[in-house]
Structures are given as structure tokens and as C-alpha cells.
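*Asks:*
There are 2 protein chains.
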Amino acid sequence: MDIEAYMRTLGQQARDASRQLAAASTETKNAALLAIASRLRDHKSALLKANAADLAQARSDGLEPAMVDRLTLTEPGIENMAAGLEQIAALPDPVGEITDVKRRPSGIQVGKMRVPLGVIGIIYEARPNVTADAAALCLKSGNAAILRGGKEALHCNQAIAACVRDGLLAAGLPATAVQVVDTTDRAAVGHLITLPEFVDVIVPRGGKGLIERISREARVPVIKHLDGNCHVYVHSAADPDKAMAIVENSKTQRYGTCNTAESLLVDRAVAAEMLPRLGAMLATRGVELRGCPDSLAILEAAGIDSAKLRPAEESDWSEEYLAPIIAVKVVDGLDAAIAHINRYSSGHTESIVSENYTAAMRFLREVDSASVMINASTRFADGFEYGLGAEIGISTDKIHARGPVGLDGLTSQKWIVFGNGEVRR
Amino acid sequence: MDIEAYMRTLGQQARDASRQLAAASTETKNAALLAIASRLRDHKSALLKANAADLAQARSDGLEPAMVDRLTLTEPGIENMAAGLEQIAALPDPVGEITDVKRRPSGIQVGKMRVPLGVIGIIYEARPNVTADAAALCLKSGNAAILRGGKEALHCNQAIAACVRDGLLAAGLPATAVQVVDTTDRAAVGHLITLPEFVDVIVPRGGKGLIERISREARVPVIKHLDGNCHVYVHSAADPDKAMAIVENSKTQRYGTCNTAESLLVDRAVAAEMLPRLGAMLATRGVELRGCPDSLAILEAAGIDSAKLRPAEESDWSEEYLAPIIAVKVVDGLDAAIAHINRYSSGHTESIVSENYTAAMRFLREVDSASVMINASTRFADGFEYGLGAEIGISTDKIHARGPVGLDGLTSQKWIVFGNGEVRR
Numbered sequence: 001m002d003i004e005a006y007m008r009t010l011g012q013q014a015r016d017a018s019r020q021l022a023a024a025s026t027e028t029k030n031a032a033l034l035a036i037a038s039r040l041r042d043h044k045s046a047l048l049k050a051n052a053a054d055l056a057q058a059r060s061d062g063l064e065p066a067m068v069d070r071l072t073l074t075e076p077g078i079e080n081m082a083a084g085l086e087q088i089a090a091l092p093d094p095v096g097e098i099t100d101v102k103r104r105p106s107g108i109q110v111g112k113m114r115v116p117l118g119v120i121g122i123i124y125e126a127r128p129n130v131t132a133d134a135a136a137l138c139l140k141s142g143n144a145a146i147l148r149g150g151k152e153a154l155h156c157n158q159a160i161a162a163c164v165r166d167g168l169l170a171a172g173l174p175a176t177a178v179q180v181v182d183t184t185d186r187a188a189v190g191h192l193i194t195l196p197e198f199v200d201v202i203v204p205r206g207g208k209g210l211i212e213r214i215s216r217e218a219r220v221p222v223i224k225h226l227d228g229n230c231h232v233y234v235h236s237a238a239d240p241d242k243a244m245a246i247v248e249n250s251k252t253q254r255y256g257t258c259n260t261a262e263s264l265l266v267d268r269a270v271a272a273e274m275l276p277r278l279g280a281m282l283a284t285r286g287v288e289l290r291g292c293p294d295s296l297a298i299l300e301a302a303g304i305d306s307a308k309l310r311p312a313e314e315s316d317w318s319e320e321y322l323a324p325i326i327a328v329k330v331v332d333g334l335d336a337a338i339a340h341i342n343r344y345s346s347g348h349t350e351s352i353v354s355e356n357y358t359a360a361m362r363f364l365r366e367v368d369s370a371s372v373m374i375n376a377s378t379r380f381a382d383g384f385e386y387g388l389g390a391e392i393g394i395s396t397d398k399i400h401a402r403g404p405v406g407l408d409g410l411t412s413q414k415w416i417v418f419g420n421g422e423v424r425r
Numbered sequence: 001m002d003i004e005a006y007m008r009t010l011g012q013q014a015r016d017a018s019r020q021l022a023a024a025s026t027e028t029k030n031a032a033l034l035a036i037a038s039r040l041r042d043h044k045s046a047l048l049k050a051n052a053a054d055l056a057q058a059r060s061d062g063l064e065p066a067m068v069d070r071l072t073l074t075e076p077g078i079e080n081m082a083a084g085l086e087q088i089a090a091l092p093d094p095v096g097e098i099t100d101v102k103r104r105p106s107g108i109q110v111g112k113m114r115v116p117l118g119v120i121g122i123i124y125e126a127r128p129n130v131t132a133d134a135a136a137l138c139l140k141s142g143n144a145a146i147l148r149g150g151k152e153a154l155h156c157n158q159a160i161a162a163c164v165r166d167g168l169l170a171a172g173l174p175a176t177a178v179q180v181v182d183t184t185d186r187a188a189v190g191h192l193i194t195l196p197e198f199v200d201v202i203v204p205r206g207g208k209g210l211i212e213r214i215s216r217e218a219r220v221p222v223i224k225h226l227d228g229n230c231h232v233y234v235h236s237a238a239d240p241d242k243a244m245a246i247v248e249n250s251k252t253q254r255y256g257t258c259n260t261a262e263s264l265l266v267d268r269a270v271a272a273e274m275l276p277r278l279g280a281m282l283a284t285r286g287v288e289l290r291g292c293p294d295s296l297a298i299l300e301a302a303g304i305d306s307a308k309l310r311p312a313e314e315s316d317w318s319e320e321y322l323a324p325i326i327a328v329k330v331v332d333g334l335d336a337a338i339a340h341i342n343r344y345s346s347g348h349t350e351s352i353v354s355e356n357y358t359a360a361m362r363f364l365r366e367v368d369s370a371s372v373m374i375n376a377s378t379r380f381a382d383g384f385e386y387g388l389g390a391e392i393g394i395s396t397d398k399i400h401a402r403g404p405v406g407l408d409g410l411t412s413q414k415w416i417v418f419g420n421g422e423v424r425r
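Which chain is which? The protein sequence lines are W and S, in order. For the first sequence, the UniProt record's numbering assigns the number 1 to the initial residue and increments by one for each residue that follows. For the second sequence, the UniProt record's numbering assigns the number 1 to the initial residue and increments by one for each residue that follows.
1. Could you have a look at W/R114 and say whether DSSP puts it in helix, strand or coil?
2. Please list the partners that S/Y386 has in chain W, where partner means a Cβ-to-Cβ separation under 8 Å.
3. So with CB distances below 8 Å, who are the chain S contacts of W/M281?
4. Secondary structure at S/E27, three-state DSSP: helix, strand or coil?
5. If the cut-off is 7 Å on Cβ atoms, which residues from the region 13-26 of chain W count as contacting chain S, listed in chain order?
6. Shorter than 9 Å from the beta carbon of S/P94 to some beta carbon of chain W?
7. How about W/P128 and W/C163: do their beta carbons lie closer than 9 Å?
8. By the criterion of Cβ-Cβ separation under 7 Å, what are the contact partners of residue 430 of chain S in chain W?
9. Comparing the CB of W/I223 with every heavy atom of the ligand SAM, is any distance shorter than 8 Å?
10. So what does DSSP say about W/A171, is it helix, strand or coil?
11. Would you say W/P204 lies against chain S (beta-carbon separation less than 9 Å)?
12. May I ask you to list the residues that DSSP assigns as paired with S/C230?
13. Taking 9 Å as the CB-CB cut-off, is S/P404 touching chain W?
14. Tell me, please, whether the CB atom of S/E366 is closer than 9 Å to any CB atom in chain W?
15. Considering only the alpha carbon of each residue, which of W/N420, W/V405, W/A35 and W/T26 lies closest to W/E86?
16. Quick test of your reading: W/S141 and W/P116, contact by CB under 8 Å. State the CB separation rounded to the nearest angstrom.
17. Reducing DSSP to helix, strand and coil, say where S/N356 ends up.
18. May I have the straight-line CA-CA distance separating W/E300 from W/A336, to the nearest angstrom?
19. Nearest-angstrom Cα distance between W/L407 and W/G393?
20. Identify the contact partners of S/S412 in chain W, using a Cβ-Cβ distance below 7 Å as the criterion.
21. Between the region 303-313 of chain S and the region 241-257 of chain S, do at least 3 Cβ pairs fall closer than 8 Å?
22. Return no unless some Cβ of chain W is closer than 9 Å to the Cβ of S/A136.
23. Could you name the residues of the region 115-131 of chain S whose beta carbon sits closer than 8 Å to any beta carbon of chain W, in the order they occur along the chain?
24. What ranges does the alpha helix (DSSP H) occupy inside the region 33-62 of chain W, keeping only unbroken runs of at least 4 residues that lie completely in it?
25. In terms of DSSP beta bridges, what is W/K208 paired with?
26. Could you give the DSSP three-state label for S/D69: helix, strand or coil?
27. Using a beta-carbon distance below 9 Å, is S/F198 in contact with chain W?
28. Using a Cβ distance threshold of 8 Å, determine whether the region 86-99 of chain W contacts the region 396-416 of chain W, with at least three qualifying pairs required.
29. Using a beta-carbon distance below 9 Å, is W/A376 in contact with chain S?
30. Mind checking if S/A339 is an interface residue toward chain W, Cβ cutoff 9 Å exclusive?
31. What is the DSSP secondary structure of W/M81, reduced to helix, strand or coil?
32. Give the interface partners of S/A245 over in chain W, defined as CB-CB distance under 9 Å, in chain order.
33. In angstroms, rounded to a whole number, what distance separates the CA positions of W/K251 and W/T260?
34. Could you check if W/T349 is buried or exposed, using at least 16 other CB atoms within 10 Å of its CB as the buried criterion?
35. Rounded C-beta distance between S/S295 and S/V266? I'm assuming under 8 Å.
36. How long is the line joining the alpha carbons of W/T74 and W/R41, rounded to whole angstroms?
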């Protein structure tokens, strides 16, 4: 099999289908989403059987239990996929929205229209539900999709793809609107990310290694998420109760998510008061504190369990632990906190706890991250919490879309001009 | 000189300066712009002297007259640069704009804030005025800039850079907010476009060769302009007088601009009526018509000067002539016109001439170009005509910014959250 020719064929088919999708009515796109949902429910046993084949292979290949876990599809998991498609059908259609129309001195009226990007390539790892989710988001936003899942999930992805295809056809849309790459050859990814004539943007979802490789090699724009090294900064004018609640929730509600806090900054003016309380709360919940010398001195003097204390190394300031560990630093005021964050953060989400208006507003403006918060848990950085209704991922890039990316992030705005025969003088 | 170390130093300095610029007040940024403008006027003779040195070198190197022309700085040219800076100072500051704030069921209020991209690398060719223009747009939008002009303009760019530096310092901003690369070594460009830790976006301005090379090699997002193969489509329901005026203006007002029409599509239903009038008008103005067989037959039968007629080849449908030449094709209705444009266009600007509401609105939605117009000249696709007040270029990319890019295109939106101690349940 000539992989390059195969990928170019998929690309050309996607480009052709993207024209039909861009012109498709909201009604047609929603009909397709609902048809896919009902097919997923109807083919539950076929999906579970395909998944069982993948799982058997994974176990015989000796895959890690965490990987096998991500690969596993259950009956409630299939119901969730179907319900997710129905939720996306219920969202407003972003395509065709016209905004900012203004009359110019020349007589023309100039505005913007929201339009699909065209063809989106999604590259992901073992989770089979991504196949249905990503297909649905691309479809609703009027984009054709080329999906490349992990080889471990091939049978299950093919079974889901069959439901997607049948649903598209039932709604009168081309089956090529969503194509699943049907080979496990890794060269397929290399071609997919270097075909700007057929693919408008790549969205990689998976581990950091995958995303770094794709960013390095892509010749197509990439909407990506790298790290989540999120900070909570307890300012000198923090409300102590809000600080306790926000640090607790940001760090301990879930350890494995990208919007979990990994660094705690405490203002020197309140360190002696706040650090013992914060430290005791975190240690009690089993969180290890990796502190700067000043914070360690305070924590030790306060009698925090020494098994939970450790000196921070330079690398701790940049770390995404995804574990019950937090880096702790005493900082000399707002400027030092902002400078520390802008130097070490991954640009995902940061929160200040403060009752001081001017300090809070300066933090909001000067911290250069995708989400910047005042008196709220970093755990809110999420497409559903923000009201997007759906999320293809959380971008840590600075152009196009920052933070949680919903349907709007899969579109762009073109200029439109309403004229009446005007010419330029 | 170690070019890589030099470029990394510029990058680190720009990153540091970008923090100060992002936090700078509108007043400070405007003061810097006005200070630079007054220095450009005060140092007119030094600028002309530096330009004379570049011109002497260019002539002794045997540069093409067109290149020497672009390189030439005149007294009115300096006044234009200074006036341009004053106009940018008068524009609203895009940075800090807060929009779309909504209260969520959790209690948090979520919105967006417009923020600078950070550090912008501008790579351009001979025109020395780009140094002042680009510096001003980056400064006003709160971005640090690294400028790499053509080696032909080195002395003049250094003289302009000295004015920029003095103006920045006079306003209390770091001199490193705008840095001009001080070497003609081509390796500097290669480093500039592969330092994502220091540079957030590259804007290349110049010939297609330069832009293609940069797009291919960049490891940093690129906002670019490739071709301008713009179409005018005369629909079957076109008003003949509007069609004549729009085709004339789109093609003949200026031949060398990217928003000039290079292709004319005429609906078969009106080809026999419209093509002889359009052809006669174009031929009289000295425009060569490269036609499909059907259009040639009509034009020849109508007695259009045969010296101005030539059969179109496949390559003509994609050509950006930048010359008194236009490709002409008879098409079978709206669908065929849209399909032709979406296949051959460079995605810059297209206009339909039609009195039919449904046809015009379908064209507006389904044509996948940065600017899509109804009954208006393609020559309007321009930042000033659209009311942006300034323009760093016209993007033919699909993500981030499409079409004319003004100050907003040099910014992005981050998410902001106003909380009151909320945590996630």
C-alpha cells in the first residue's frame, strides 16, 4: 500500500466534502448527529465486540494497565458517546453568524461571517470515544474531519466510524465528511500533517511526546495543548477562607487534570499567617509540598509532617506533576508573582486570591496565560464550565484560539462586503 | 559573530520587553509613537544620507530599477512615515478590551480580554518605510518586535531604528521593545523563525519566494499573504452597469496590487450580452483577455481586437498576473462559478455581481476566501477601506486572522474569570 497516495486521496476527498459541509444547513448537520447517536446505541454489541478484540490484543502485547483502562469501552461509555452527540446537536450552529457590519464612507457595508476552517485532522491515542466526539464537533462546525486514532483502538474506531458513516449518509451528507485513517502505519501521521493543500489545521490529543513531535514536524497549523502548570497566588490582601477553599479545590479536587494547580505562590506579607494553614490542609490530604527555603522554614516551624516536605529544585517551578505534589514559593509582592508566573508557567491557567481591586486587575491583565482568574479555582478552566457546551481541547497556543476550544475555535471569520455597485476611487 | 547566540539574545530581550509593553498604558504607547514621528522629521537629512549610501551600493551591485525604486526614500516619504505613526497613535488601543462576560451557574463570571501576542518577528525586503510602520503597529498593539529588513536597506533601517529607539526611551519604554537585526547574514532569518520560546508569530512581507521559504521552515506560527488571484463573477442576474463598473475598477484601477481581479467569470446566460461590452472595455484599456473557448468565440465574433485575445491555458486559472492581463471563463451558473473559485482561487478576494438575493447570499457563504463581496470592486479589500485604520498585511491563511490584518490581528483573546471564592463541585 502506498501510504502517501492513500493519505492524499483521503485529503482530496475531505477537501471536496468540506465544500458540501460548509454549505450544509443546521438541520442537516443536526440530523446527521442524531442519526449517528442512534446508530451507536443500536450497534452497542458490535462496538463492545470490536473493543474486546482490541483489548485482547492490548493485553497480549503487554500494554500498561492505565492504557488498557483508557482503551476500554463500556455500555455506559457508549451511552455517554451517544448523549454527547445529542448535546452537540442541541448547541447553536456557529456557521454563518454575521457580526460587526458597518457602513464605510465609500458606501460599502463591511462585516464578518463565521465560517468553517475546512478540513481538520485529529490525531489521538487510545481513547475510542474521541472518534465520536471529534467527528461530532467537526461536523457541527461545518468541517470535514480526518481522524487518526491509536493503533490499539483500531477495531473499535472502525466500528464507530461505520456508525458515523451511516449517519452521515442517512442525513444526505457525504460519507467522506468524516474519514478514519484505516492503517496503523505511523507514516500516515507524517503525511497527514504535511498536506497544507488538503488539511487546514491539526488538533493532536494525547501525551506530550505525541504533541511535541507533531508540532515539530507539521507543515499545517496546529491547535495544541502542551502542559498545565497552573498557579494559585495568595496575595497579601487575600481573604483567608477564600484562599483555603481555592487552593484546596485547585490542587486536590482531581490530581490528573491539566487545570489542577501545580504551584502555590504566597505573598511574604501573609506567608507566616497563611502557609501553616494551607500546608496543614494540603499535608492532611496527602499532598507533598516542595518548597523554597523561606516556605520550608515556615512550614517546618509550624510542625507540618516532615514526610510531606521537600526542598524545591529549579525544575519544580516548571513541573506538571499530575500527582499529589505542589511546588510552594514565598514571593515579594505582586510584581514578583507575575514575573514568576510569566517565566515558569505553561500558559494554561492562573488564579490570584485577593480582595485588592488594583492588584487583582493588574494580575488579570499582566499574566500571560490562556485563562487568568480572580478568586476562583483553576479547575474552572474547562469548556463546559465556561459555557462552550463542548470542547475539542484546551489550547496553550497564543494565536487563533487560547484556552478551552469549542465550536467557535474550529471556525474563523471571513470579511464580507455588501455593495451596490461601488468602485474604489 | 555567533549568529545563533546573537538572535537568542535579541529574542530574550524582546520577551522581557514584551512584558513591559503588555502592561504599558495607552498614553505611554502613544507618547512613544509621537516621539518617534518627531524624531523621523528631525533626522530627515540623516535618513536621506543613509538611504543615499544604500542606493549607491544598490546601483553598484546592479540591482533592478524596480528594486532601487522600492529602496528609495524621499522627503515626502519620510513625512508619510511620520504621519503614519501619528495616525496609529490616534487609533483606539485594542489591548485590555473586555467582552462577552457572562455569569455561569457555578457563580463565576467568564469573559474574554484582548491581549498582545507577545513578540512579533517581521521579515521584509527592500522598502525602508516598513521599519517604521511595522514598529508602530507592534508597539500600539502592545507587542515587542524584531525587525529583519532586506540587506539592501541596512543603513537606512539602522537610521530609522535609531529614531525608534530614542522615541521609546523618551516615553519610558525599553529600547528593546523594537529591535532591528543588525546583520545581513541570512542565517539570522533561519534562527528568528525557529525560536518559539522567544517569538510568538512571524509576519513575512515581500515576494512569494521569501514567504514560501519562511512558511516551509518556520517553527513559529506565520501570518502570511501568498497570492492574490481575485475573481469577479458576473451572474445571470447582474445589473449590466454595475458589472461594467466593477470589472473595470477591479481590473484596471491598479495592476500591481494583490486585490486586483485576475479572473473574470461570466454566466453563460448573459455571456453573449455582457462579454462583448466587457471585452471591448478591457481591450480599450489595454488589457489582454485569456479566454476559454466559449468566451473567445463570443469575443472574436464581437470584433474585439484580436491582438488582445489569447486562449487560456490551465495555468491561467491560477495566475496572479499583476499586469494588464485577465483570464476569462464562461461558467454554467452559480454552482459552477463557486466550484471554479474554490478550486483555483488563492483565497484572497472574490466578488459576485448580481441582483438576485439568494444567489448573492449563497456566494457570500459558500466561497471560501478571506473577503467575499456582493456588487463591489475587489479593490476594496484593504485595511483602510475596511476601517481598520492601519494594516500590517493581508492574510490568506485560514486560522487566526483572514484578510486585512490590523491591530486586532496582532492580538488574541485570553479567558478571564471574575470569582468570589467559587470552587468546582
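Beta carbons: idealized from backbone N, C-alpha and C, even for Gly.
*Replies:* In this structure, then:
1. strand
2. R104, V110 and W415
3. Those within 8 Å of W/M281 in chain S number zero; the least Cβ separation is about 13 Å.
4. helix
5. R19, A22 and A23
6. no
7. no
8. Nothing in the structure corresponds to residue 430 of chain S, since chain S is present only between 1 and 425.
9. Absence of the ligand SAM from the depicted structure is noted, as is the absence of any ligand whatsoever, leaving it without description.
10. coil
11. no
12. S/A261
13. yes
14. yes
15. W/A35
16. 6 Å
17. coil
18. 24 Å
19. 11 Å
20. K398, I399 and R402
21. no
22. no
23. V115, L117 and G118
24. 44-60
25. None; W/K208 has no bridge partner.
26. helix
27. no
28. yes
29. yes
30. yes
31. helix
32. G421, E422 and V423
33. 5 Å
34. buried
35. 7 Å
36. 12 Å
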